[in-house]
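Counting from 1, one number per residue, gives the positions in the sequence shown under the UniProt record's numbering.
What follows is a single structure, written as structure tokens, with notes after it.
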Amino acid sequence: MSTTPNPQAADSPKTGAGGNAAAQRSCKVSASPHGEPPSPAGKRPAPPCTLVIFGAGGDLTKRLLMPALYNLAVDGLLDAGMQIVGVNHGERETREWIEDLHQSLQKFAADKASTFHAGHLDDRAWDWVAQRLDYLAGDFETPDTFARLKQKLAQAPGGNVIFYLAVGSRFFKPIVEHLGETGLLKEDNGFRRVVIEKPFGADLASARDLNAHILSYAKESQVYRIDHFLGKDTVQSILAVRFANALFEPVWRREYIDSVQITAAETIGVEGRGKFYEQTGAFRDMVPNHLFQLLGMVAMEPPNSFDAEAVRDKKAEIFDAILPLTPNDVVFGQYEKGPAGVGYRDEPDVAADSTTETYAAARVFVENWRWAGVPFYLRTGKRLAARRTEISVQLKPVPFRLFRDTPVDALTPNVLTLRIDPAHGTSFDFNVKTPGPVMQIGPVQSSFNYGDFFGQSANVGYETLLYDCMLGDETLFQRADSIEATWCAVDGVLHPQTGGAAAVHGYAAGSEGPEGANALLARDGRAWRPLTRDAVEKK
Numbered sequence: 001m002s003t004t005p006n007p008q009a010a011d012s013p014k015t016g017a018g019g020n021a022a023a024q025r026s027c028k029v030s031a032s033p034h035g036e037p038p039s040p041a042g043k044r045p046a047p048p049c050t051l052v053i054f055g056a057g058g059d060l061t062k063r064l065l066m067p068a069l070y071n072l073a074v075d076g077l078l079d080a081g082m083q084i085v086g087v088n089h090g091e092r093e094t095r096e097w098i099e100d101l102h103q104s105l106q107k108f109a110a111d112k113a114s115t116f117h118a119g120h121l122d123d124r125a126w127d128w129v130a131q132r133l134d135y136l137a138g139d140f141e142t143p144d145t146f147a148r149l150k151q152k153l154a155q156a157p158g159g160n161v162i163f164y165l166a167v168g169s170r171f172f173k174p175i176v177e178h179l180g181e182t183g184l185l186k187e188d189n190g191f192r193r194v195v196i197e198k199p200f201g202a203d204l205a206s207a208r209d210l211n212a213h214i215l216s217y218a219k220e221s222q223v224y225r226i227d228h229f230l231g232k233d234t235v236q237s238i239l240a241v242r243f244a245n246a247l248f249e250p251v252w253r254r255e256y257i258d259s260v261q262i263t264a265a266e267t268i269g270v271e272g273r274g275k276f277y278e279q280t281g282a283f284r285d286m287v288p289n290h291l292f293q294l295l296g297m298v299a300m301e302p303p304n305s306f307d308a309e310a311v312r313d314k315k316a317e318i319f320d321a322i323l324p325l326t327p328n329d330v331v332f333g334q335y336e337k338g339p340a341g342v343g344y345r346d347e348p349d350v351a352a353d354s355t356t357e358t359y360a361a362a363r364v365f366v367e368n369w370r371w372a373g374v375p376f377y378l379r380t381g382k383r384l385a386a387r388r389t390e391i392s393v394q395l396k397p398v399p400f401r402l403f404r405d406t407p408v409d410a411l412t413p414n415v416l417t418l419r420i421d422p423a424h425g426t427s428f429d430f431n432v433k434t435p436g437p438v439m440q441i442g443p444v445q446s447s448f449n450y451g452d453f454f455g456q457s458a459n460v461g462y463e464t465l466l467y468d469c470m471l472g473d474e475t476l477f478q479r480a481d482s483i484e485a486t487w488c489a490v491d492g493v494l495h496p497q498t499g500g501a502a503a504v505h506g507y508a509a510g511s512e513g514p515e516g517a518n519a520l521l522a523r524d525g526r527a528w529r530p531l532t533r534d535a536v537e538k539k
């Protein structure tokens, strides 16, 4: 969010009383031999630092990190002293790594289905980034790698270093341990920060163990647990919709809201990631992190400011207030052969008798003053009828109806939908009088699409997160207590005390999901909003 940064970031701006840090930043740009574009009005480049990427040859680096760094360079938000060191297994020359990254960026830029669909690369911006790239071959679990890395970082700009762990979760512990033992996490001169991707643990016990291990080498203020969902502008805009509009905040409570649905549906399957998915499943992969983060943004109390700790404190309160889920609160599903393709069990690296869920739905209650009794329905899945990530807030029906001959079920519920992906915007369903001499009620929808008001950019969602990490703004990153609270809320599903594991129901690839998910809402007298709706929302 880049609002009020961590006090440790000496080069970061501060938010004044009632002000906005982004609006107060100097837009002075460091000189560049390539003359990259000036930074956007109201923003300045991040402080000089060295970004060390463990897993420099991996898919995450190619598809997301390098495109994000390129976009930040295009926008003039990286300091001229920026350096990027890639660490990975396998000997190779720096120029080979640079060429590999360049080819990947060109391919993604030309691919209209890619999140980084820039059309073409700005050669000046890419050259600016390429000149700052350096490759270090080494094993992530060998002390010699970190000794050589320490020598390379001896002249880090400003002494500032960010270590990005774009690696499998099994390497989180050894990398942080070696960084700590080599002295690379000491903040004697400048900041030292560690960025850790999900999955952060596989259940409550493993999350606690990982937190304890990491925090034995680094301070909490140095650890940036990243969730790429929070890098999306449309996710961050949830706070703007709630707290910048007098229309919504007065009714954002149990007295007026009937229920909330949070959906993250995909049309793709596991896409060659069968080994990972067999160990993880849809529930672990999406619910205690991505979907709970969206729930936290929707349900949190207004913070006193947009200071990082103020925002994270309010989200932590929500996670603490979630009633622990039981197997009766969830429905699991697995896609089978259908209109959209083969079944999960026919995917590569998937067991023929696999019971791994590719769909998960949950009913969640937040037991606090604002939300007591309001159900939050969460669902996520692969090979579904449509791709859509959205939050739908359904208001309670009006207490009585003045319109004769209008059946109760004829009135469309008032629903505010925040569309996150692939369409970006909001819509509101409400009722009006239809034309004609007879008083009849008809449903209508008012919509707002970001593309109609704001320019489109090839944003991959990591730009804000990387920029904030450089600034020291932890607003969009998760604290240890919140990580453990979310795992605590779902641990009863992962390790049920009675009844055994939840059953996994089949659903046809390309459908809306398993029938059991419909029954989960039907017993409360509610129904899921269809995944395939009007054309406006499919844009």
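Cβ coordinates follow ideal geometry from the N, Cα and C atoms, glycine included.
None of these values were measured; they are calculated from a predicted model.
Could you please give the first and the last residue of the uninterrupted beta strand (DSSP E) stretch that includes residue i?
{"i": "P375", "result": "375 to 381"}
{"i": "I53", "result": "50 to 54"}
{"i": "L105", "result": "That residue, L105, is in no beta strand (DSSP E); its alpha helix (DSSP H) goes 94 to 110."}
{"i": "Q445", "result": "441 to 449"}
{"i": "L416", "result": "415 to 421"}
{"i": "A316", "result": "Element bounds for A316: not the beta strand (DSSP E) but the alpha helix (DSSP H), 308 to 321."}
Quick one: Cα of residue i to Cα of residue j, how far?
{"i": "A361", "j": "A517", "result": "6 angstroms"}
{"i": "T145", "j": "E177", "result": "13 angstroms"}
{"i": "G18", "j": "R225", "result": "Because the pLDDT at G18 is just 37, under 50, the model does not fix this residue reliably, and the value given afterwards should be weighed accordingly. Approximately 28 angstroms between the Cα atoms of the pair."}
{"i": "D111", "j": "L105", "result": "10 angstroms"}
{"i": "C49", "j": "V87", "result": "16 angstroms"}
{"i": "R370", "j": "E249", "result": "12 angstroms"}
{"i": "D285", "j": "G159", "result": "36 angstroms"}
{"i": "A527", "j": "P199", "result": "31 angstroms"}
{"i": "A244", "j": "T263", "result": "24 angstroms"}
{"i": "V129", "j": "A522", "result": "54 angstroms"}
{"i": "K28", "j": "A80", "result": "Unreliable positioning characterises K28 in this predicted model, as indicated by a pLDDT of 32, which lies under 50. The coordinate reading is nonetheless provided below. Distance between the alpha carbons of K28 and A80: 12 angstroms."}
{"i": "S30", "j": "G472", "result": "Confidence at S30 is low in this model, with a pLDDT of 36, below 50, so its placement is unreliable and the value that follows should be read with caution. Rounded to whole angstroms, S30 to G472 spans 19 angstroms at the Cα level."}
{"i": "V311", "j": "L179", "result": "30 angstroms"}
{"i": "Q8", "j": "Q334", "result": "With a pLDDT of only 38 at Q8, under the threshold of 50, the placement of this residue in the model should not be trusted, and no figure is reported."}
{"i": "Y450", "j": "E93", "result": "43 angstroms"}
{"i": "R25", "j": "P47", "result": "With a pLDDT of 32 at R25, under the threshold of 50, the modelled position of this residue cannot be trusted, and the question is left open."}
{"i": "R254", "j": "R273", "result": "41 angstroms"}
{"i": "A308", "j": "V161", "result": "21 angstroms"}
{"i": "S2", "j": "L77", "result": "Annotation note: pLDDT 44 at S2 (below 50); position unreliable, no value reported."}
{"i": "I257", "j": "A321", "result": "18 angstroms"}
Thinking C-beta only, is residue j closer than 8 angstroms to residue i?
{"i": "A166", "j": "G90", "result": "no"}
{"i": "H495", "j": "D203", "result": "yes"}
{"i": "L465", "j": "L476", "result": "yes"}
{"i": "G461", "j": "G231", "result": "yes"}
{"i": "F332", "j": "F292", "result": "no"}
Residue range of the alpha helix (DSSP H) that residue i falls in?
{"i": "K127", "result": "The amino acid at residue 127 is misidentified as Lys; the sequence shows Asp. 123 to 130 is the span of the alpha helix (DSSP H), which, as asked, contains D127."}
{"i": "T486", "result": "480 to 494"}
{"i": "Q394", "result": "Run containing Q394: none in the alpha helix (DSSP H); it sits in the beta strand (DSSP E), 388 to 395."}
{"i": "G274", "result": "274 to 286"}
{"i": "L294", "result": "292 to 299"}
{"i": "residue 544", "result": "Beyond the ends of the chain as shown, which are 1 and 539, falls residue 544; an answer cannot be given."}
{"i": "P174", "result": "172 to 181"}
Taking C-alpha atoms, which residue in the options lies nearest to residue i?
{"i": "G341", "options": "V270, R242, S305", "result": "V270"}
{"i": "T280", "options": "T145, Q222, E357, T142", "result": "E357"}
{"i": "F172", "options": "Y135, L185, L210", "result": "L210"}
{"i": "D139", "options": "P174, S114, F163", "result": "P174"}
{"i": "S446", "options": "M300, P67, D429, S114", "result": "D429"}
{"i": "L411", "options": "V444, D320, L531", "result": "V444"}
{"i": "T61", "options": "F116, D79, M82", "result": "F116"}
{"i": "T182", "options": "R170, A154, R208, G168", "result": "A154"}
{"i": "N431", "options": "F454, V398, G451, S237", "result": "V398"}
{"i": "G201", "options": "N71, V490, A501", "result": "V490"}
Could you round the C-beta distance between residue i and residue j to whole angstroms and report it? I think they count as a contact, below 8 angstroms.
{"i": "I483", "j": "V235", "result": "Not quite, the Cβ-Cβ distance comes to about 18 angstroms (not below 8 angstroms), so this is no contact."}
{"i": "Y217", "j": "L185", "result": "6 angstroms"}
{"i": "F376", "j": "V260", "result": "5 angstroms"}
{"i": "V241", "j": "L418", "result": "7 angstroms"}
{"i": "S114", "j": "G338", "result": "Contact flag wrong, Cβ pair sits at about 26 angstroms."}
{"i": "R193", "j": "C488", "result": "Contact doesn't hold; Cβ gap of about 26 angstroms is too wide."}
{"i": "A386", "j": "L531", "result": "4 angstroms"}
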